[in-house]
Amino acid sequence: MRETLRVHMGWLHSWVGFLAGLLLACVFASGTLAVFDTEITQWMQPEVSLTQGTSLTPTALQAA
């Protein structure tokens with residue numbers, strides 16, 4: 018009885034640790050994507066970050 022409990026607890030400990038590690042890996046990956054969102058977008062869509070426009074004078078900025 019005692020030995021089977023030890024085996025089952027070892028199995029349970031392994032699987033709970035594996036699933037917790039998998040969950041943490043997903044959390045870390047989504048956090049990394051959130052932090053580097055702008056850089057990833059510029060890397061994947063370089064044409065979007067190259068916008069042409071005219072610069073505004075300080076008085077035009079104040080009027081807006």
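All residue numbers for the sequence shown refer to my numbering, where the first residue is 18 and numbers rise by one.
Note that the Cβ used here is the ideal one computed from N, Cα and C, for glycine as well.
Item to check | Other residues of its chain near glycine 38: CB distance less than 8 Å, five sequence neighbours each side excluded | outcome: Taking glycine 38 as the centre and dropping the five residues before and after it, the same chain places no C-beta closer than 8 Å to its C-beta.
Checklist entry - If you run the structure through DSSP and keep just helix, strand and coil, what is leucine 73? => result In the structure shown, leucine 73 adopts coil according to DSSP, grouped into three states.
Checklist entry - Which residues mark the beginning and the end of the alpha helix (DSSP H) in which glutamine 62 is found? => result DSSP places glutamine 62 in no alpha helix (DSSP H); its state is neither H nor E.
Checklist entry - Hey, quick one: how far does the alpha helix (DSSP H) through methionine 26 stretch, first residue to last? => result Run containing methionine 26: 19-52, per the alpha helix (DSSP H) assignment.
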